[in-house]
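In the working numbering, the protein residues as written are 238 to 987.
Even glycine gets a Cβ: it sits at the ideal position worked out from N, Cα and C.
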């Protein structure tokens, strides 16, 4: 029975272009025997049962040559040979157990070439294409030669000399996708060109092109190879162009990449997924982030179709890293969110840590909260544990945006790991509460700080002060609007004062900084709305209600509870706030007495305010008493200095003009009242004919601040009868040959 003939020629390929190469190989390599037509019991001429017929492939009959399974062992018939092959040694064709399907002459060679192009054929196909033997021994020798080349060391001359061209080409195919084999590939190619005189082929060119993925490669080398192919009239293969794109992803060249893509488009070569990935990486390396994102969108849309290759996770990781480092955090977060929504994809912990870091450094609050809620917050996965420094950055960002929940989560995390909380942590926490409008919790944070041994100061409470004194959303236009806003502000201040008393009951005491910030906010609010009321009434043209004393009375009313709230009492900052708010001499004298009771000495600014207030509308005796206290302090220091000098007779004899000048210079550096207070005191004393002003004038002159001009102005402004003498004596007259002493530059009373 004649077997089926398969003719593999040009017509076959035209009618069936999608023919499977492995199927052709099986058609060429496979051999089958026809089923016998005799009775079932035994094989004719053998006496063997029918169930042993299949063993004839493995166990040939005596005198017959066994049929190998490889295509290289199949004898290719000549055009004049018979279509039926018989076992050698048989006497007739009837003794042949079966027939071998005949293959068209030259089909095996053509199929071998198909296998070389597609890369799906086995090793025997390459041997057939190069005319080598197909025995097992020859295949082993070929593999050994390739392995020897792969394991060789520079300069490779001995191994190359003993290898065939087929082995060298096979080694190049193995090495072309290995970037570290850059030098080896160049050495093999140079040997083929110089020693073996091999012409330039696409396979050799592809190996050289792909080797430039190494860091020592370059885009210029790829351009030279493409020009050499064009000069040799050799068309590049799709694999060659994709290899060029992979090199340009490492060594970006915008013009060359566009040229390769344009040539691929002209030749109707589709861009494979690996080529799209190379283009995307090249755009990222070029800094063309918009085009890189467009390329990623195209790849994502293509991957959405059935059976398409999805975008690999490593490429998305590169996008996230590059976009995050360049500040495109919104795009990076969108990519991460897309990966989370995609089935079977996960985001590595390195990506999450990187995003948390860049969001903190860039101040990207929405991205920070997204990452924190995903992988950090105890209620979430808890996959990433930020460092203490990063946690402090997160806490500061939460304070800026008023996210109290995030700030509380950070503080809980730091406390759980045993981190010692310091001033920056607590300040960020209370800033967060103040920004969110939770004044009671912000004041509570101050109490927690104080109990932890961290004493807050005025700088720690600025956020609370800004929140308590924040103006209304819309500017008041009339006196009624001002009163409404003032009522709302008063309600806010009442709640803050109530929070102080609640904290006193809860913690036993309130830090002075908490009391001071509420006092400062109250004084500032009264000052602001008093000014706004005056302006609104003046604009309307009506008479304003008097607001004198309202600010000071409100502050002093709260000050009366300072001992109740703060057992340690007020500090100097408390009295400074009250002194700035008071101008009544009664209130100022009260504050001075309070400072003495708490062992605080008033500074010169406070004394100057008290002297001026008493000299203008208070007690003159009280004003002069404060000035004489300054003089007595200097006199006491002078007595102590003279006693120390008198104890040494030799030192007393050494007192000269230099020591006197030094003493005068020390007097100039001593604190003294300002020109404003001195002028008010001089006018008041001259009006009341109080001679103590001359003692003050002498003390002022000793300190380099003469009051002659001030006294002359004060005496000129007093209306009195003309007389040569008065209670002040004869006014000091400057002779014709004398000049009036001028006050020194920069003095207050001159």
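C-alpha gap between residue 470 and residue 553, whole angstroms: One-based indexing of the chain shown puts residue 470 at position 233. One-based indexing of the chain shown puts residue 553 at position 316. Approximately 39 Å, taken between the alpha carbons.
Test item: CB-CB of residue 607 and residue 570 under 8 Å: As a first step, residue 607 is located in the chain shown; it is residue number 370 there, counting from the start. As a first step, residue 570 is located in the chain shown; it is residue number 333 there, counting from the start. It is a contact, given that the beta carbons lie within the stated cut-off.
Residue 679 versus residue 685: straight-line alpha-carbon distance, rounded: Stepping through the chain shown from its first residue, residue 679 is reached at position 442. Stepping through the chain shown from its first residue, residue 685 is reached at position 448. So the two alpha carbons sit approximately 10 Å from each other.
Tell me which residue opens and which closes the alpha helix (DSSP H) that residue 421 is part of. Within the chain shown, residue 421 is the residue found at index 184, counting from 1. Its alpha helix (DSSP H) spans residues 419 to 431.
Presumed contact (8 Å Cβ cut-off) between residue 431 and residue 402, rounded CB distance: In the chain shown, counting from the first residue as 1, residue 431 sits at position 194. In the chain shown, counting from the first residue as 1, residue 402 sits at position 165. Their Cβ separation, rounded to whole angstroms, is 13 Å, which puts residue 431 and residue 402 out of contact at 8 Å.
Distance check for residue 429 and residue 384, CA to CA, integer angstroms please. Residue numbering aside, residue 384 sits at position 147 when the chain shown is read from its first letter. Residue numbering aside, residue 429 sits at position 192 when the chain shown is read from its first letter. One C-alpha to the other measures close to 18 Å.
From residue 700 to residue 745, what distance separates their C-alpha atoms? By 1-based counting over the chain shown, the position of residue 700 is 463. By 1-based counting over the chain shown, the position of residue 745 is 508. Looking at the two C-alpha atoms, the distance is approximately 24 Å.
Residue 393 - DSSP class collapsed to helix/strand/coil: To locate residue 393, count along the chain shown from 1; it is residue 156. It is coil, neither helix nor strand.
Alpha-carbon spacing of residue 724 relative to residue 730, whole angstroms: In the chain shown, counting from the first residue as 1, residue 724 sits at position 487. In the chain shown, counting from the first residue as 1, residue 730 sits at position 493. Straight-line spacing of the CA atoms in residue 724 and residue 730 works out to 10 Å.
Under the three-state DSSP convention, the category residue 932 falls into: The residue given as residue 932 occupies position 695 in the chain shown. In this structure, residue 932 counts as helix in the three-state DSSP scheme.
Close Cβ partners of residue 652 (< 8 Å) along its chain, the five nearest in sequence each way excluded: Position 415 of the chain shown, counting from 1, holds the residue named residue 652. Here the set comprises 658.
CB-CB length for residue 750 against residue 698, believed under 8 Å: For the purposes of this step, residue 750 is taken as the residue at position 513 of the chain shown. For the purposes of this step, residue 698 is taken as the residue at position 461 of the chain shown. The Cβ separation is near 5 Å, so the contact holds.
From what residue to what residue does the alpha helix (DSSP H) around residue 700 run? For the purposes of this step, residue 700 is taken as the residue at position 463 of the chain shown. It spans 699 to 705 - the alpha helix (DSSP H) in which residue 700 sits, taken as one unbroken run.
How would you label residue 448, buried or exposed, when you count the other beta carbons within 10 angstroms and need 16 or more for buried? Here residue 448 is taken as the residue at index 211 of the chain shown, counted from 1. By the 10 Å Cβ count, residue 448 comes out buried.
Tell me which residues share the same chain as residue 802 and place their Cβ nearer than 6 Å to its Cβ, disregarding the 5 neighbours each side in the sequence. Counting from 1 along the chain shown, the entry for residue 802 is found at position 565. Within the same chain, residue 802 has close Cβ partners 737, 741, 747 and 752.
Nearest to residue 755 by CA position, among 704, 621 and 517, is which residue? Along the chain shown, one-based indexing puts residue 755 at 518. Considering only alpha carbons, the answer is 704.
Assuming the contact rule is C-beta atoms closer than 8 Å, residue 516 and residue 482 should be a hit. Round their C-beta distance to whole Å, please. The sequence position of residue 516 within the chain shown is 279, counting from 1. The sequence position of residue 482 within the chain shown is 245, counting from 1. 6 Å between Cβ atoms; contact.
Tell me, to the nearest whole angstrom, how far the beta carbon of residue 848 is from that of residue 860; I am working on the premise that it is less than 8 Å. Residue 848 sits at position 611 when you count from the first residue of the chain shown. Residue 860 sits at position 623 when you count from the first residue of the chain shown. That pair is a contact at about 5 Å.
Whole-angstrom distance between residue 512 and residue 613, CA atom to CA atom: Stepping through the chain shown from its first residue, residue 613 is reached at position 376. Stepping through the chain shown from its first residue, residue 512 is reached at position 275. Distance between the alpha carbons of residue 613 and residue 512 is about 37 Å.
Quick one, are the C-beta atoms of residue 485 and residue 494 less than 8 Å apart? Along the chain shown, read from residue 1 onward, the residue named residue 485 stands at position 248. Along the chain shown, read from residue 1 onward, the residue named residue 494 stands at position 257. A contact, by the Cβ cut-off of 8 Å.
With DSSP as the reference, label residue 475 as helix, strand or coil. In the chain shown, the residue the question calls residue 475 occupies position 238. DSSP places residue 475 in helix when its eight states are reduced to three.
Hey, residue 691 and residue 660: beta-carbon distance below 8 Å or not? For the purposes of this step, residue 691 is identified with residue 454 of the chain shown, where counting begins at 1. For the purposes of this step, residue 660 is identified with residue 423 of the chain shown, where counting begins at 1. Closer than 8 Å, so yes.
Would you report the Cα separation of residue 662 and residue 645, rounded to the nearest angstrom? As a first step, residue 662 is located in the chain shown; it is residue number 425 there, counting from the start. As a first step, residue 645 is located in the chain shown; it is residue number 408 there, counting from the start. Taking the straight line joining both Cα atoms gives about 11 Å.
Please determine, among 427, 474 and 489, the residue with the shortest C-alpha to C-alpha distance to residue 457. As a first step, residue 457 must be located in the chain shown, where it is residue number 220. When only C-alpha atoms are compared, the closest one is 489.
Taking the CB atoms as reference points, tell me whether residue 636 and residue 677 lie closer together than 8 Å. Reading the chain shown from its first residue, position 399 is the one you call residue 636. Reading the chain shown from its first residue, position 440 is the one you call residue 677. Cβ atoms of residue 636 and residue 677: not closer than 8 Å.
Cutoff 7 Å; reference residue 806; Cβ partners in own chain excluding five residues on either side: To locate residue 806, count along the chain shown from 1; it is residue 569. These residues qualify, in order along the chain: 799, 800 and 835.
To the nearest angstrom, report how far apart residue 842 and residue 925 are at their CA atoms. Within the chain shown, the letter at position 605 stands for residue 842. Within the chain shown, the letter at position 688 stands for residue 925. Taking the straight line from one Cα to the other gives about 26 Å.
Candidates 505, 918 and 815: which alpha carbon is nearest residue 865's? Your numbering for residue 865 matches position 628 in the chain shown. The shortest C-alpha separation from residue 865 is found at 918.
To the nearest angstrom, report how far apart residue 850 and residue 695 are at their CA atoms. For the purposes of this step, residue 850 is taken as residue 613 along the chain shown, with counting starting at 1. For the purposes of this step, residue 695 is taken as residue 458 along the chain shown, with counting starting at 1. Distance between the alpha carbons of residue 850 and residue 695: 28 Å.
Report yes if the C-beta distance between residue 573 and residue 588 is below 8 Å; otherwise report no. Here the question's residue 573 lines up with position 336 in the chain shown. Here the question's residue 588 lines up with position 351 in the chain shown. Closer than 8 Å, so yes.
Backbone CA spacing between residue 867 and residue 909 [nearest angstrom]: Residue 867 sits at position 630 when you count from the first residue of the chain shown. Residue 909 sits at position 672 when you count from the first residue of the chain shown. Using only the alpha carbons, I get a separation of about 8 Å.
Straight-line CA distance for residue 541 to residue 527? Residue numbering aside, residue 541 sits at position 304 when the chain shown is read from its first letter. Residue numbering aside, residue 527 sits at position 290 when the chain shown is read from its first letter. C-alpha separation (whole angstroms): 21 Å.
Might you give, ordered along the chain, the residues of its own chain that have their beta carbon closer than 6 Å to the beta carbon of residue 558, omitting 5 neighbours on each side? Numbered from 1 along the chain shown, position 321 holds the residue referred to as residue 558. Contacts found: none.
Taking buried to mean at least 16 other C-beta atoms within 10 Å of its own C-beta, is residue 363 buried or exposed? Here the question's residue 363 lines up with position 126 in the chain shown. Unreliable placement is indicated for residue 363, whose pLDDT of 36 sits below 50; no coordinate value is reported for it.
Just to confirm before moving on: does the CB-CB distance between residue 824 and residue 789 stay below 8 Å? Within the chain shown, the letter at position 587 stands for residue 824. Within the chain shown, the letter at position 552 stands for residue 789. Taking 8 Å as the Cβ cut-off, residue 824 and residue 789 qualify as a contacting pair.
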